[in-house]
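A.B. asks: Residue numbers (our numbering), protein chains in the order written: chain A, 60 to 454; chain B, 58 to 733; chain C, 1127 to 1430. No residue lacks a Cβ here, since even glycine has one placed at the ideal position from N, Cα and C.
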Amino acid sequence: MKKRLVTLFLTLIVIVGALGTMPTLAQDDCDFAGEIYVGVIAPLTGDIPDVGKSTQEAAQMAVDEINAACGLEIDGEAYEVVIIIEDNESKAESSVAVATRLIVEEDVVAIIGPQSSKQAVPTGQVANDRETPMISPWSTNPDTTKDRPWVFRVAFLDPFQGPVVAGFIVEEFGATTAAVLYDIASDYPKGLAENFRDAAEASGVEIVGFESFTTGDADFSSQLTNIIAANPDVIFTPQYYNEVPLIVQQARGLGYEGEIVGSDSWGTGDLYELCGEDCNGLFYSTHYASDIATEVGQTFIGAYEELYGAKPDDVAALTYDAFQLLFTAIEEANSDNKTDVRDALASIELFEGVTGIMSFDEQGDPIKCAVIIQFVDGEKTYYDSACPVGFPPEE
Amino acid sequence: MNATRKQFFIGDMLAIGCALVVLAAFLVMPWFELEDGTSVTAYRIVTNDELDLAAHASHMFLIVLPFAAVAGGILGLLGVVSKRYNTRSPGLMLVVGIIAAGYYYGAFFFENRESKVDAFDFVGTGFYVALIAAFGFILQYVIPRAGVTLTPDWVSFSLPPVKKASHWWRWPFALLRTLFSWIGAVFGWISAQTGRWMVGTSTLAYLSGLVVAVKLEQRAAEPLAELLGFRRGRAPGLFGATKLLEPFSDLDFSGILAPFFPASTDPTSDPVGRSWDALSTLLGNFADALFTQDPRSPGFFDVFFDVLVYDLLIYIIPILIVALLLRSLSNRVSLALPFWGGITLQLVILYIAVDTWGALNDYRELVLIYMGVNIMLSVSLNLVNGYMGEFSVGHAGFMAVGAYVSSILTMWLFVDEGVFGDALLTTSGFALTIGFLIALIAGGVAAALAGLLVAFPSFRTRGDYLAIVTLAVNFIVTGVINNIGAIGGARGLNGVPLWTTLPWIFVMTVLSVIAIYNLVSSTFGKGIIAIREDEIAAELMGINTQRVKLVAFLVSSFIAGAAGGLFAHVLAYVNPGVFGIMKSTEALVMVYLGGMGSISGSIIAAVIFTILIEAFRPLAVLKWVVIPLILILLMLYRPQGLYGFREMNLNLGGTKNDSPEKTKQQEEATSDAATD
Amino acid sequence: MDFFAQQFFNALQLGSLYALIALGYTMVYGVLLLINFAHGDIFMVGAFLGVFGSITLDLPFVPTLILAMILTGLMGVGIERVAYKPLRQASRLSAVITALGVGLLLENGMLALTGADPRSYPDNIKNLNPPLLGDQIDILGASISAETIVIIVLALLLFGGLYFIVQRTKWGMAMRAISYDKFAVPLMGVSQDQIISMTFLLGTGLAAAGGILWGVAYPILNPYMGMRIGWKAFIAAVVGGIGDIRGAAVGGLMLGFIEIFVPAYGKDIGVSSTWRDPIAFGLLLIILVARPTGLFGVARRQKV
């Protein structure tokens, strides 16, 4: 009996010893002086796993690219960028926990994410309190960055996008009546729906229907029947890939012939693939158009397609931009000190990203243009653009 | 085994050997020179980078030193507690400890002051253990021999036989079962052996051990982490569990079935082949994750032994040793104090331990706060689901009411430039504390009022029908909040003050647990249990079932509401989406994991669940595959949960007779009585 | 377009889908007294198997439906054997919590194994073109798509078939008998295991049918789709009186009608569609308070 015990331990020791002597992996080509840690918070599980996937892919790509080019240069030395991707399960409390962990246990220089405002708002508080720069690529709720000098974002805000869409439907369709269908239990659609309503009413469009449903619903026929009975010129639905195809399909099935327009959330996931013919010709406002993208954009799109076999969606583009902003800031600050990085981020002007040229206002929100996209035979085609007054400044 | 055997044992030799190594190292160390020309007189951690091991094999000495000190300390302590070994080895360790301390303070006084931490780093762990050994050695003579004369009683160990397979295709399963039974046998042996050694130790002693362990971690964590090669020399969070799972974070399972379920409407070409490729890549990555030695992303086994060493040195061994040393003292203290006095003392010690553990960084504190909220949730839900036997599935609804009401109150009264404009009251300090307390109570009261929505139907509706009522209340609460624009609706309420701190959550959790404990052990509470067993019989016995149900629902939802209030004030943000059906499900899982009708079960389950949720984060998508699997397996093998309908056997009051011989005799007496 | 008729058919479609899923809940509950919380996720697996049948195997609608029903049914039997059967003697709630765990395992396992992309059905399934019906039909001034009709008719057929099996066949009799007294039935020479397996086969097969029909009506599938729908179907089953087939049908239809008609007519009395959820669940709550065992449920006799 004792013998067996001894044998067991001896075997264990031999195994451990053998493991200990295994050769280590090959070293990188670059001569890195150190590492810069960046935290990424993404919704890999929960309501919108697709968004998490895009975030993860874009983040991985951005970091692999920079490391292939021998990382970031600080004081003439190369530093490798290491990302730590954490899942927030689309839950606010998880997001707060992982942000805290990334900051205090992993010593990250900055946090990229979270994507949804539901998580970005409380997480922004954490980052701000612990003086760590945070860039949320996708959050549109003004509260995320409001009075938080350490928090930035890449997406434009609801109060900007609402009027853009409202202006577009008046100019393009000469609309006099409009209806809105949105998810009441979700932060982004609700905020945008209300901003659109206010802007449309201000420009003389009558809102004949303001209908809502709840996250996870798939049947919108009742609300759509209500809307169609009021016969609006345009239906505005700031929803995600989970709902838009169903809304469009059901609206057509109920005999609606008018226009349906959307917002930047339409650019997430492969909405057209899910929607098919029904979505052909529809318009939405968003951050960038792949067909008129700048050189930066084209390179990104090409590389992304080659790597993952699909066109990048808006989340991927915004996340990639967030990383480029951070890299620019670190190199400009010539330091991985968090305060220096924050200051450098705040002072970035006319940054040329995949999603267009942007500067930051004092709240850390980007000043950038919106574009109107039309689905033409499955391609997201540039149609028009709308910029804030006086932006970008003339050369 | 004879306790006074004067004979050299191999353990003695080892202890003495280790002690000699430590001594020699301390004496010789100042003479070593490092690569960069500095000497090691500063006694700091010597890392692999500085010390080219291949070139300077002799410098291995410096790396071996702390381990030798630790090993010597452990062996010495074993000598103290067991008296199996000759007492010379603990004596030797005392000398080592004194010399180590001398060097440490010598370095502190005679070198520059900055080197204090470095000096401490170097001898860190070994020094501590040596000191503990010395302490134990003194104790042996200071404290009368009552509790410490333990003859080590070795539990015999045997590996279970290899499981046989009836068919050839079953052999992998047989192999797995054999492997598991072996692992089980080893763990079983370890716990049985520890049980033999630790017999008669009271909770007070363990708690004191915990305090020592966390204090030890506070000082020695970083040097030890550096030594073990953890990233950036950081103490591993959550007992190293996060580190342990990190190697698996990059595994991608999605390729296995994805080819059969194409995302586009065109079929994938050659789905079987692709799936097979994905599977083989996955297996390769899995093997990598297990065995890689890359220092930047070490594999599972690489990390496993590091983490094991860390946990053993920082937590397990110090706790056991201190508990053992304090066994007789703590038993006397426990017995001398009145019941509630003892409880208070233990809570104070627990708080010290928790506070020290949480003080190491904010993340730990946050985890502790979540833990407190979860304990409040599961204990309060257990009152309705476990003790009263109803099936409430909408507990998060009450939490939402409490969270919103208390946040609105604190923001309205105390927050400037918030959603509700400027603060109504300009107070500070103590008044704020009272204000927060009142807000929490108001949240609880509001939640209790919402609880009436469930309580009244419960007079007529029972079982699964009542479950739907609770579910509906959850949906109604979040639905209504979504519709009230003034408090943010779906956009949530931002700017809630960050007031929930560790003392708050600790006190509230303890109060809730005591409240529920007193309720269920009162005569009134027996009525709650009677309703679970048989409502009609309960009524016949003269129990006013409606009143009992009302009180149970009110108390349960009150505590859930207060928990919600605390939760809101740690997130600094509330959103109806937070309190959805998923949150209710988590509360349910905790209750049934811990076992119905068991307060200690609910507490343990909440603690385990919170740690699991945090520790499994590196698994990303797989996290919520593994957690349900654990739940299912636990339910299959332990359908009643961890502690179904019984409380954990905590030795809160102390043991009169902690001498193992006597306890064993008592055990035998009782078992004899049982067989008669 | 007739507003009422249109809403009526909208409600009929949604209601029959809810009813179909509630039916599976009720069947399992009727025999085992087990709330199978995994049902919603089995429904999701059924819908995903529809993708497998229609795209990967390129099958038309009916074979896809049958294939998915069979595969899902077998999976249901397997789940029962592995996860629920060992708990038959244990406390009822242990099995319920296990079911909750199985549900979580299915949805997150699906996410882990197939990735995050949402799935959709090909056009030949999404746009059913049954013989004798056009693409779009006008009935009573309502514009109804062919799928709606197919869904309602198929749901009715499945109800009828199930009702026939439970009420008119020996298997059905055995099921009812086990539900009545699970100790006496094995003594009569009826294998309890077989009957329970059969129940799971039927119940989960129905869930798969529900999943595919759901996918036809609302063609966006993701691993989490089952969770919320499952809870709703559970509510429908209980409100109808859990354990009763007619109850599930009526409960499902009722839930559908409430969800459609509250937004449709709520604004006439000054309630906007944003209040749909509180009102719908408030109504169900009132029904349960008024009839504590649901609409068709009979209070189980208490032995005193």
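1) Between the alpha carbons of leucine 283(A) and tryptophan 228(B), how many angstroms are there, rounded?
2) If you drop the 5 nearest sequence neighbours on each side, which residues of the same chain put their C-beta closer than 7 Å to that of serine 435(B)?
3) Along the alpha helix (DSSP H) that carries methionine 456(B), what are the first and last residues, could you check?
4) Give the residues from the stretch 1188–1220 of chain C that approach chain B closer than 8 Å (Cβ to any Cβ), ordered along the chain.
5) If tyrosine 444(B) sits next to isoleucine 585(B), beta carbons under 8 Å apart, how far is it from one beta carbon to the other, in whole angstroms?
6) Which chain B residues sit within Cβ distance under 8 Å of leucine 103(A)?
7) Nearest to tryptophan 197(A) by alpha carbon, out of Ala137(A), Asp123(A), Pro173(A)?
8) Considering alanine 1335(C), what are the terminal residues of the alpha helix (DSSP H) in which it resides?
9) Can you tell me the Cα-Cα spacing of tryptophan 209(A) and alanine 277(B), whole angstroms?
10) Give every residue of the same chain whose Cβ lies closer than 7 Å to the Cβ of lysine 1358(C), excluding the five residues on either side of it in the sequence, and list them in chain order.
11) Could you check if lysine 112(A) is buried or exposed, using at least 16 other CB atoms within 10 Å of its CB as the buried criterion?
12) Measuring alpha carbon to alpha carbon, tell me which of Val239(A), Met193(A), Lys249(A) ends up nearest glutamate 265(A).
13) Return the Cβ separation of valine 413(A) and alanine 376(A) in integer angstroms, given the expectation that the two are a contact with Cβ distance under 8 Å.
14) Using the C-alpha atoms, what's the distance from leucine 576(B) back to asparagine 601(B)?
15) What three-state label does DSSP hand glutamine 1262(C) in the structure shown?
16) Mind checking if glycine 454(B) is an interface residue toward chain A, Cβ cutoff 8 Å exclusive?
17) For alanine 289(A), collect the residues of the same chain with a Cβ closer than 6 Å to its Cβ; drop the 5 residues on either side in sequence, then sort them by chain order.
18) Note down the Cα distance separating leucine 607(B) from leucine 568(B), rounded to an integer number of angstroms.
19) For the putative contact between isoleucine 1346(C) and serine 281(A), defined by C-beta atoms under 8 Å, what is the C-beta separation to the nearest angstrom?
20) Taking 8 Å as the CB-CB cut-off, is aspartate 1319(C) touching chain B?
21) For the beta strand (DSSP E) holding alanine 137(A), just list the boundary residues, first then last.
22) List the endpoints of the continuous alpha helix (DSSP H) containing tyrosine 1391(C).
23) Could you name the residues of the stretch 417–428 of chain B whose beta carbon sits closer than 8 Å to any beta carbon of chain A, in the order they occur along the chain?
24) Could you check whether the stretch 697–709 of chain B touches the stretch 183–193 of chain A, counting it as contact only if at least three pairs of C-beta atoms, one from each stretch, sit closer than 8 Å?
25) Considering leucine 240(A), what are the terminal residues of the beta strand (DSSP E) in which it resides?
26) Going by Cα to Cα distance, which pick from Ser215(B), Ala222(B), Arg234(B), Arg384(B) is closest to alanine 242(B)?
27) Can you pull the chain C residues whose beta carbon is under 7 Å from the beta carbon of alanine 288(A), in chain order?
28) Can you find a CB in chain C that lies within less than 8 Å of the CB of lysine 112(A)?
29) What are the partner residues of methionine 428(B), as DSSP defines its beta bridges?
30) Would you please verify whether the beta carbon of leucine 302(B) is less than 8 Å from any beta carbon of chain A?
31) Give a yes or no on whether the minimum CB-CB distance between serine 1399(C) and chain A is below 8 Å.
32) Compare the C-beta of alanine 151(A) with all C-beta atoms of chain B and state if any pair is closer than 8 Å.
33) Tell me which residues share the same chain as alanine 1300(C) and place their Cβ nearer than 6 Å to its Cβ, disregarding the 5 neighbours each side in the sequence.
34) Between the alpha carbons of leucine 1290(C) and leucine 1159(C), how many angstroms are there, rounded?
35) Quick check: threonine 274(A) and aspartate 323(A), are their CB atoms within less than 8 Å of each other?
36) What residue from Tyr461(B), Leu509(B), Trp469(B), Arg517(B) has the CA that sits closest to glycine 546(B)'s CA?
C.D. replies: Reading it off the structure:
1) Pairing leucine 283(A) with tryptophan 228(B), the inter-Cα distance amounts to about 60 Å.
2) Closer than 7 Å at Cβ, skipping near neighbours: Ala644, Met647, Val648, Gly651, Ser659, Ala662, Ala663.
3) For methionine 456(B), the enclosing alpha helix (DSSP H) begins and ends at 452–471.
4) Within the stretch 1188–1220 of chain C, the residues whose Cβ lies closer than 8 Å to some Cβ of chain B are Ala1209, Pro1212, Leu1213, Ala1216, Ser1217, Leu1219, Ser1220, listed in chain order.
5) Contact between tyrosine 444(B) and isoleucine 585(B) holds: CB atoms are separated by about 5 Å, below the 8 Å threshold.
6) Neighbours of leucine 103(A) in chain B, taken as residues whose beta carbon is under 8 Å from its own, are Ala677, Val678 in chain order.
7) Taking each of Ala137(A), Asp123(A), Pro173(A) in turn and checking the Cα distance to tryptophan 197(A), the smallest one comes out for Pro173(A).
8) It spans 1318–1343 - the alpha helix (DSSP H) in which alanine 1335(C) sits, taken as one unbroken run.
9) C-alpha separation (whole angstroms): 33 Å.
10) Once the five neighbours on either side are set aside, the close Cβ partners of lysine 1358(C) are Tyr1144, Leu1381.
11) So lysine 112(A) counts as buried.
12) For the set Val239(A), Met193(A), Lys249(A), the Cα lying nearest the Cα of glutamate 265(A) is the one of Val239(A).
13) About 5 Å separates the Cβ atoms of valine 413(A) and alanine 376(A), confirming a contact at the 8 Å cut-off.
14) Using only the alpha carbons, I get a separation of about 16 Å.
15) DSSP places glutamine 1262(C) in the strand class (E or B) of the three-state scheme.
16) No, glycine 454(B) does not count as interfacial toward chain A.
17) Here the set comprises Val267, Gly268.
18) Rounded to whole angstroms, leucine 607(B) and leucine 568(B) show a C-alpha spacing of 21 Å.
19) The C-beta separation of isoleucine 1346(C) from serine 281(A) comes to about 18 Å, leaving the pair out of contact by the 8 Å criterion.
20) Chain B contact via Cβ: absent.
21) For alanine 137(A), the enclosing beta strand (DSSP E) starts and ends at 136–146.
22) The continuous alpha helix (DSSP H) containing tyrosine 1391(C) extends over residues 1371–1392.
23) Correct list: Asn418, Asp419, Tyr420, Leu423, Val424, Tyr427.
24) No, the stretch 697–709 of chain B does not touch the stretch 183–193 of chain A.
25) Element bounds for leucine 240(A): 236–242.
26) Comparing Cα-Cα distances from alanine 242(B) to each of Ser215(B), Ala222(B), Arg234(B), Arg384(B), the minimum goes to Ser215(B).
27) Here the neighbours are Phe1129.
28) For lysine 112(A), the answer is yes, since a Cβ of chain C falls inside 8 Å of its Cβ.
29) According to DSSP, which records beta bridges pairwise, methionine 428(B) is partnered with nothing at all.
30) Contact of leucine 302(B) with chain A is not assigned, every C-beta pair being separated by 8 Å or more.
31) Yes, serine 1399(C) counts as interfacial toward chain A.
32) For alanine 151(A), the answer is yes, since a Cβ of chain B falls inside 8 Å of its Cβ.
33) The residues Val1316, Ile1321, in chain order, have a CB closer than 6 Å to that of alanine 1300(C) in the same chain once the five nearest residues on each side in sequence are set aside.
34) Correcting the residue identity first, residue 1290(C) is phenylalanine in this sequence and not leucine. Approximately 21 Å, taken between the alpha carbons.
35) No, they are not a contact pair.
36) Glycine 546(B) has its Cα closest to that of Tyr461(B), out of Tyr461(B), Leu509(B), Trp469(B), Arg517(B).
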